[in-house]
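**Q** Submitted below is the structure of interest, expressed as C-alpha cells.
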Amino acid sequence: MFLIAIIGVTINGLGYFRLKKGISQNEKILSWHLLEDILGWIVLLIGSVIIGFWNQPIIDPIMTIGFTIFVLWGVFKNAKETFNLLLEGVPEYIDIDEVKGSILSVEGVKSAHDIHIWSLEGETDILTAHIVVEDKYLTRPDKMRQSIKSKLEKHQIEHSTLELESEGFCSGTECIFELKK
C-alpha cells in the first residue's frame, strides 16, 4: 500500500504541475482532479503508516470522511463555474458597466444596448452589442468598429460582433413600444 501511494503521488504530481497553469475550464477542472488524486494518495500514505505502525484502524474512516468533504467542496466549486459557462453567463472578472463605459467613450458613439458577454470555455470572451452612432460616423463603419474593438481588448474581450445603428434607427423591444405611441 505504501509503495502504490508513492507511485500515485509521483504520477499525478507530474500531471498536476503540467496542467496547473491552464486557463480553460477543462484544464482547471482536470488540474483540480489531479490535485484531489495527489491528496488522496497522500492520505492513503499517511493512513498506511499510522495503521501499520500504531495499529489504529479508526484512522481509515476518519480520513475517508475528511477527504470526501474536500472532494465535494471541489465539485461544488467547479460546478458553479461550469454552469456559468454552459448558461453563457458573464465571466466573473468582467464588469459590464465598465465595458459599456469603454464603448461609450469612443468618439461618435451615442449609446449601446443589447450587450451580451460570455465565454466559450473560460478562455475566449465574446461580446455582441448594438451601438447607436452619430450619422456622420456611419460613413466609415469599419473604422468605428475597430475603435470600439480596441477598447474591448482592454477588457480581454477577444471577439465581438457589433451592429452599428444610426441615431433614428429602432431595434428590439424598444421599437414595439415606440410604434404603439
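In my numbering, each number is its position in the sequence shown, counted from 1, plus 5.
Even glycine gets a Cβ: it sits at the ideal position worked out from N, Cα and C.
#1: Taking Ile-10 as the reference, which of Pro-66, Phe-174, Ser-53, Arg-23 has the closest Cα?
#2: Within this structure, are the beta carbons of Thr-5 and Thr-133 separated by less than 9 Å?
#3: Curious, which full-length alpha helix (DSSP H) runs of at least 4 residues does the region 120-175 contain?
#4: In angstroms with no decimal places, state the Cα-to-Cα distance between Lys-115 and Asp-42.
#5: Per DSSP, which one or two residues make a beta bridge with Ser-116?
#6: Using 8 Å for Cβ pairs, my map puts Gln-30 next to Leu-90. What's the rounded Cβ distance?
#7: Can you round the beta-carbon distance between Val-80 and Trp-46 to whole angstroms, since I take them to be within the 8 Å contact cut?
#8: Hey, how far is the Cα of Asp-147 from the Cα of Phe-174?
#9: Please tell me whether His-164 and Glu-103 are closer than 9 Å, where the distance is taken between their beta carbons.
#10: Can you find the residues in the same chain that come closer than 6 Å, C-beta to C-beta, to His-118, ignoring five residues on each side of it along the sequence?
#11: Since Lys-156 contacts Val-111 with CB under 8 Å, what's their CB separation in whole angstroms?
#12: Output the boundary residues of the alpha helix (DSSP H) element that contains Leu-50.
#13: Ordered along the chain, which non-local residues of its own chain (more than five positions away) have a Cβ less than 7 Å from that of Gln-61?
#14: With a 10 Å radius around its C-beta and 16 neighbouring C-beta atoms as the bar for buried, classify Asp-140 as buried or exposed.
#15: Looking only at its own chain, which residues have a Cβ that is under 8 Å from the Cβ of Ile-99, when we skip the five neighbours before and after it?
#16: So what does DSSP say about Asn-89, is it helix, strand or coil?
#17: In whole angstroms, give me the CA-to-CA distance for Leu-125 and Glu-93.
#18: Quick one: what does DSSP say Tyr-98 is sitting in, helix, strand or coil?
**A** Reading off the structure:
#1: Going by the sequence as given, residue 10 is Ala instead of Ile. For Ala-10, the closest C-alpha among the options Pro-66, Phe-174, Ser-53, Arg-23 is that of Ser-53.
#2: With the chain running from 6 to 186 in the structure shown, residue 5 is simply not present.
#3: Listed in chain order, they are 146-158.
#4: Using only the alpha carbons, I get a separation of about 54 Å.
#5: The partner list for Ser-116 (beta bridge, DSSP) reads Val-137.
#6: Right, their Cβ atoms sit about 6 Å apart.
#7: The pair is not a contact, with the Cβ atoms about 19 Å apart (cut-off 8 Å).
#8: Using only the alpha carbons, I get a separation of about 19 Å.
#9: Against a cut-off of 9 Å, the Cβ pair of Glu-103 and His-164 comes out as no contact.
#10: Cβ contact annotation for His-118 (same chain, cutoff 6 Å, sequence separation greater than five): His-135, in chain order.
#11: Between the beta-carbon of Lys-156 and that of Val-111 there is about 6 Å, and that keeps the pair under the 8 Å contact cut.
#12: It spans 30-59 - the alpha helix (DSSP H) in which Leu-50 sits, taken as one unbroken run.
#13: So the qualifying residues of the chain are Ile-55.
#14: Asp-140 should be labelled exposed.
#15: Contacts found: Ile-122, Asp-130, His-160, Gln-161, Ile-162.
#16: Helix, per DSSP.
#17: The C-alpha of Leu-125 lies about 8 Å from the C-alpha of Glu-93.
#18: Coil, per DSSP.
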